[in-house]
Each structure stands twice: as C-alpha cells, then as structure tokens.
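Q:
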Amino acid sequence: MLSARGVYTLMLRLALPFALVRLWWRGLREPGYRRHVGERLGRYAERPVRRVIWVHAVSVGETRAASPLVRALQRRYPDHAVLVTCMTAAGRETVQQLYGDSVLCAYLPYDLPGSMRRFLEHFRPALGIMMETEVWPNMLAACRACGVPVMLANARMSRQSARGYRRFAALTRPAFESFAAVCAQDRIAARRLRALGADRLIVCGNLKFDVQPDDAKVEEGRALMAALRGRHVLLLASTRDGEEKMLIDALGDKDDGTLIAIVPRHQKRFETVAELLVGHGLKVARRSLGEAPHAGRRILLGDTMGEMSFYYALATVAIIGGSFRTLGGQNLIEACAAGVPVIVGPHMFNFADATRLAVEAGAAVQVANAAEAVRTARDLLASADRRAAMALAGMRMCAAHRGATERHLTVARILLRAPAPR
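Residue numbers for the sequence shown follow my numbering, so the first one is 3 and each next one is one higher.
(1) Label R52 either buried or exposed according to how many other C-beta atoms from any shown protein chain fall within 10 Å of its C-beta, with 16 as the threshold for buried.
(2) For A390, report the span of its alpha helix (DSSP H) as first-last.
(3) Can you check the stretch 84-136 for any beta strand (DSSP E) of at least 3 residues that lies completely inside it and give the ranges in chain order?
(4) I think M307 touches Q269, with their Cβ atoms under 8 Å apart; what is that distance to the nearest whole Å?
(5) By the 10 Å Cβ neighbour count, where 16 or more other Cβ atoms means buried, how is P19 classified, buried or exposed?
(6) As a quick exercise: from A354, V213 and R380, pick the residue whose alpha carbon is nearest that of L249.
(7) Report yes if the CB atom of S69 is closer than 7 Å to the CB atom of G93, and no otherwise.
(8) Just the Cα atoms here: how many angstroms apart are A74 and E179?
(9) Is I264 closer than 7 Å to L303 when the C-beta atoms are compared?
(10) For G44 and M118, which I take to be in contact (beta-carbon distance under 8 Å), what is that distance rounded to the nearest angstrom?
(11) Less than 7 Å between the beta carbons of G223 and F312, yes or no?
(12) Tell me the rounded alpha-carbon separation between D81 and S160.
(13) How is the alpha helix (DSSP H) around N140 delimited, first residue to last?
(14) Please work out which residues of its chain come closer than 6 Å, Cβ to Cβ, to P215, disregarding the five sequence neighbours upstream and downstream, and give them in chain order.
(15) Hey, A21 and Y109 are a contact pair by Cβ (cut 8 Å); roughly how many whole angstroms apart?
(16) Could you tell me which uninterrupted beta strand (DSSP E) segments, each at least 3 residues in length, are contained entirely in the stretch 340-384, listed from first to last along the chain?
(17) Rounding to the nearest angstrom, what Cα-Cα distance links T274 and G298 in this structure?
(18) Out of curiosity, what's the CA-to-CA distance linking A406 and R168?
(19) Do the CB positions of H403 and F211 come within less than 7 Å of each other?
(20) Going straight from the alpha carbon of R377 to that of E408, what length do you get?
(21) DSSP three-state label for V152, please.
(22) Is the Cβ-Cβ distance between A97 and V84 less than 7 Å?
(23) With distances taken from CA atoms, which of S5, V54, V220 and D258 is nearest G232?
(24) So, helix, strand or coil for L266, using DSSP?
(25) What does DSSP give as the partner residue(s) for N56 in the beta ladder?
(26) Report the three-state DSSP secondary structure of R45 (helix, strand or coil).
(27) How would you label R158, buried or exposed, when you count the other beta carbons within 10 angstroms and need 16 or more for buried?
(28) When you compare only the Cα positions, how much space is there between W138 and L14?
(29) Residues in the same chain with beta-carbon distance under 7 Å from P423, minus the five sequence neighbours each way, listed in chain order, please.
(30) Excluding the 5 residues preceding and the 5 following T357 in the sequence, name in chain order all residues of the same chain whose CB lies nearer than 8 Å to its CB.
(31) Locate the beta strand (DSSP E) running through R165, then write down its first and last residues.
(32) Give me the Cα-Cα distance between R7 and R289, rounded to the nearest whole angstrom.
(33) By the 10 Å Cβ neighbour count, where 16 or more other Cβ atoms means buried, how is R24 classified, buried or exposed?
(34) Are M397 and A363 closer than 7 Å when you measure CB to CB?
(35) Just the C-alpha distance for P343 and S163, rounded to the nearest angstrom, thanks.
(36) What residue does the beta strand (DSSP E) around V23 start on, and which one ends it?
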C-alpha cells in the first residue's frame, strides 16, 4: 500500500505533463517561464566550485523578504556561494535585480524524488533555508537522506493555512518534523507550527523589518514628488485581481487633484489593469513607458517590477492590496518604514501580527471594505497632522522590531556546523 508521500508523488507525476504545458502557456505573457525548463526537472549546467548555502524564496515577496539574510550570509561566509532558488519568472527576475551575478540563481525543481536528488547532487548545499511557508515533502525527505540541514526562515502560519496542513497531516507532519530548525516570525505562528509537527522552534522576528529601501529609487520618488508641487499621491499598492475595480469605483468620477498611483501585485496583470483604467475613461500615465503624470492625468500605473521604494517615497497615503478579498493581504511593513500612513482591508491574515502591531502603534488603519478605505484615505489627505503622527508611529514601530537577521544568522551558523537530524 502506498504511503501518503507515495500517493502525493504519484499525483505529481500524473500532473507533470500539464505543469509543463502550463509553463509554455504562461510564457505567452511572461517569456521567463519558457527559459531554463530543464531546471524544473533538476537538470542544471555548471556545477559550483565553492560550498553552497541555499536560500529558497518562491516568488517576488519572499525574495525581497530574504534580502537582509542573503546579504548577511554573503558578508559572514565569503568563502561560500549563495544559491537563491525560486519558482516564478518574476521571482527569478527579482533575484537578478537585487543581486546581479553575486549569487547563483536557479529554479527549484518540481517536488519529485528524482528531480530533487539531481538538484542536491549538483549543488551539494551545506545548508538549505526555506522562506516563510515552503514545505515540500519530497525535497525535505531528499535533504534528510543527503544529510543537508534545512531551516524554515521567517516562518508564518495563518489559521487558514494551519487548517489545510492538518487536513493532510499524514503527508505534512513528517515534513515539518524534518526541519533542523524553524525560525518563526512570532509566538502565534510558533504555536501553530509546533502543533503541525515542527519541534525545533525559535521565535526570531520578521525579516521584513530589516529590509532596506533602494536609495536610488527613493531619490527618484522624491524627485517626482517635488515635481508634483504639493499634489497628493494616493498609492494603491500590490493590488490583486478585482481590487482595482473596487477601489476605482469607490473613488468615483470626482477629480480633486490627487494623483492615484496603482501598482498591481503581479506583472501578468499589468495590461489587464491598463485596459480596465482606460475603459473607465481615466487618463493614465504608464511608468513602463516613461510617461509623466502631468496635470490632467489622474492615474499613474506602476507597471514595472522592483520599484516599491520609488512608489513609497512618492506616496502621501497608501492603501495595501490583497486585503479586500480573502487573499491574506500584502506586506505593509515597507510602507510603515518609509513613513507612509497605511490603510488595509479586512483580510490581512498572512500578515496578521504585523497588521496588529501597526494598528496598535497608530501607523495603520484597518477598514471593512474598499469604500471605507477610500473615505479614510480622503480624511487622511485632508489632515497633515494626522498623517505626520501615523508616519512617525510607523517608523518607530519598524525600528523597534529590527534585528531578525542576526537571530536567523545565529541559527544558520549552528546548523552549518551540525549534520541534519536523522
């Protein structure tokens, strides 16, 4: 009789042809999906010469969250190569934007035993670091068999996610038990992770508090803000499917001079959002085309990647997307650190602790829906004193919670000296 992992592997094998077809299909909009396809099956080119520390960050958000840790590892272990793996084309592009040739970059293969074995034999990592919620049963089993210690870094676990893992406990519990260490963001996440099987736990805080803005992008954003000559900017940040329409409808037709900057979360939706805005009769300046938001253009569409530092330097108030549908929200820490007053919707369960901290500090306001978000934003735009108080509260909160990188480094140092548990 097949074990739970055996059934899981069989299902992956059956799904593999469809996954490869999907890669080709997604490549119509994002050509990166049609490159390096062999890596998805554990086939790579040049073997690294130095010992490897491997960091896996599935996509853009995790890649950015990992940046303080990656840079600290590079400084602390200059004799090692740092390998950053991802699963999405946008994630791979972000790795290249952040690090250039200073790291190795590759796709992590699909979670098949043979592919994972080839990956480990090729790179021979001394340590694996999985970001946030990356729990792959065959990968962890292969690492255990090869003696590669793996830590789960910046680990978060929402109530919804925990419920899903419990449903497949026969498969997921051995995976959680395989981690050599789990660095949880907070005590609530640690408690849920322990209940799922992780027993080598330490609360290390959230690496996102340690992320540093791109100075060049900050200066560019401030330059545009100065050119706007006092015109307010309402930033709709990291919006997800359907949220742009909700927020645009709530904003209505009245143009009070505020520039609305809309930055969709996913690159593949840039054209869809552009069509939506034009369909509403709005005059749009597209960042990707270098179009300036002159008077008469109400919308700046942020259809570029890796520029959130620019948009937060430009923003007067930010509404954080992913939170007006049951999607779990998006990162609000970067906005708080930049001194931007924040508004979030009701669905921030993937960032529950950071949201609670920001609301309690007075740096953010949580609202029930898009209409309330727009009303709150307009109130803030009309009150310079309230905006200043929220900005200061956000910066103080972020300063008080920095330091997760050093705690993660301590765990990594210990694991680099010890074999994986057997």
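From the three backbone atoms N, C-alpha and C, an ideal C-beta is built for every residue, glycine too.
A: Judging by the given coordinates:
(1) Working through the sequence shown from its first residue, we reach residue 52 at position 50. It is exposed - the Cβ of R52 has fewer than 16 other Cβ atoms within 10 Å.
(2) Stepping through the sequence shown from its first residue, residue 390 is reached at position 388. Where A390 is concerned, the enclosing alpha helix (DSSP H) stretches over A386 to A402.
(3) 106-109 and 127-133
(4) Working through the sequence shown from its first residue, we reach residue 307 at position 305. Working through the sequence shown from its first residue, we reach residue 269 at position 267. Right, their Cβ atoms sit about 6 Å apart.
(5) Here residue 19 refers to the residue found at position 17 of the sequence shown. Its Cβ having fewer than 16 others within 10 Å, P19 is exposed.
(6) The residue you call residue 249 lines up with position 247 of the sequence shown. If we check each option's Cα against that of L249, R380 comes out closest.
(7) Position 67 of the sequence shown, counting from 1, holds the residue named residue 69. Position 91 of the sequence shown, counting from 1, holds the residue named residue 93. It is not a contact, given that the beta carbons lie outside the stated cut-off.
(8) The residue labelled residue 74 in the question sits at position 72 within the sequence shown. The residue labelled residue 179 in the question sits at position 177 within the sequence shown. One C-alpha to the other measures close to 27 Å.
(9) If you number the sequence shown from 1, residue 303 lands on position 301. If you number the sequence shown from 1, residue 264 lands on position 262. Result yes, Cβ atoms of L303 and I264 sit closer than 7 Å.
(10) As a working mapping, residue 44 is identified with position 42 in the sequence shown. As a working mapping, residue 118 is identified with position 116 in the sequence shown. The pair is a contact, with the Cβ atoms about 7 Å apart (cut-off 8 Å).
(11) As a working note, residue 223 is residue 221 in the sequence shown. As a working note, residue 312 is residue 310 in the sequence shown. Yes, these two residues count as a Cβ contact at 7 Å.
(12) Working through the sequence shown from its first residue, we reach residue 81 at position 79. Working through the sequence shown from its first residue, we reach residue 160 at position 158. Cα to Cα, the separation comes out at about 37 Å.
(13) Position 138 of the sequence shown, counted from the start, is the residue given in the question as residue 140. Unbroken alpha helix (DSSP H) run through N140: P139 to C148.
(14) Counting from 1 along the sequence shown, the entry for residue 215 is found at position 213. Around P215: S311.
(15) Reading the sequence shown from its first residue, position 19 is the one you call residue 21. Reading the sequence shown from its first residue, position 107 is the one you call residue 109. Their Cβ separation, rounded to whole angstroms, is 12 Å, which puts A21 and Y109 out of contact at 8 Å.
(16) 344-346 and 366-368
(17) Reading the sequence shown from its first residue, position 272 is the one you call residue 274. Reading the sequence shown from its first residue, position 296 is the one you call residue 298. Rounded to whole angstroms, T274 to G298 spans 22 Å at the Cα level.
(18) On the sequence shown, residue 406 is found 404 positions in, with the first residue counted as 1. On the sequence shown, residue 168 is found 166 positions in, with the first residue counted as 1. Those two C-alpha atoms are separated by around 28 Å.
(19) Here residue 403 corresponds to residue number 401 of the sequence shown, with the count starting at 1. Here residue 211 corresponds to residue number 209 of the sequence shown, with the count starting at 1. A contact, by the Cβ cut-off of 7 Å.
(20) Translated into positions along the sequence shown, residue 377 becomes position 375. Translated into positions along the sequence shown, residue 408 becomes position 406. Each residue's alpha carbon lies about 41 Å from the other.
(21) One-based indexing of the sequence shown puts residue 152 at position 150. Strand, per DSSP.
(22) Position 95 of the sequence shown holds residue 97. Position 82 of the sequence shown holds residue 84. Per the sequence shown, the amino acid found at residue 97 is Val instead of Ala. No; because the gap between Cβ atoms is not below 7 Å, this pair is not in contact.
(23) Start at 1 with the first residue of the sequence shown, and residue 232 comes out as number 230. It is D258.
(24) Here the question's residue 266 lines up with position 264 in the sequence shown. Here residue 266 turns out to be Pro, not Leu, going by the sequence shown. Strand, per DSSP.
(25) Against the sequence shown, residue 56 aligns to sequence position 54. The question names Asn, yet the displayed sequence has Trp at residue 56. Bridge partners of W56: L85 and G130.
(26) Stepping through the sequence shown from its first residue, residue 45 is reached at position 43. Three-state DSSP puts R45 in coil, outside helix and strand.
(27) The residue you call residue 158 lines up with position 156 of the sequence shown. It is buried - the Cβ of R158 has at least 16 other Cβ atoms within 10 Å.
(28) Indexing the sequence shown from 1 puts residue 138 at position 136. Indexing the sequence shown from 1 puts residue 14 at position 12. Using only the alpha carbons, I get a separation of about 12 Å.
(29) For this step, residue 423 is matched to residue 421 along the sequence shown. Because the pLDDT at P423 is just 45, under 50, the model does not fix this residue reliably, and the point stays unresolved.
(30) The sequence position of residue 357 within the sequence shown is 355, counting from 1. The residues are G331, L334, V346, M350, A366 and Q368.
(31) Along the sequence shown, read from residue 1 onward, the residue named residue 165 stands at position 163. Counting along the chain, R165 falls outside any beta strand (DSSP E), though it belongs to the alpha helix (DSSP H) covering R161 to R169.
(32) For this step, residue 7 is matched to residue 5 along the sequence shown. For this step, residue 289 is matched to residue 287 along the sequence shown. If I take the Cα positions, the gap works out to 46 Å.
(33) For the purposes of this step, residue 24 is taken as residue 22 along the sequence shown, with counting starting at 1. Exposed: under 16 other Cβ atoms inside 10 Å.
(34) In the sequence shown, the residue the question calls residue 397 occupies position 395. In the sequence shown, the residue the question calls residue 363 occupies position 361. Cβ distance not < 7 Å, so M397 and A363 don't count as in contact.
(35) On the sequence shown, position 341 is the one that residue 343 refers to. On the sequence shown, position 161 is the one that residue 163 refers to. Cα to Cα, P343 sits roughly 29 Å from S163.
(36) As a position in the sequence shown, residue 23 is number 21, starting the count at 1. From DSSP, V23 is part of no beta strand (DSSP E) but of the alpha helix (DSSP H) over A6 to R28.
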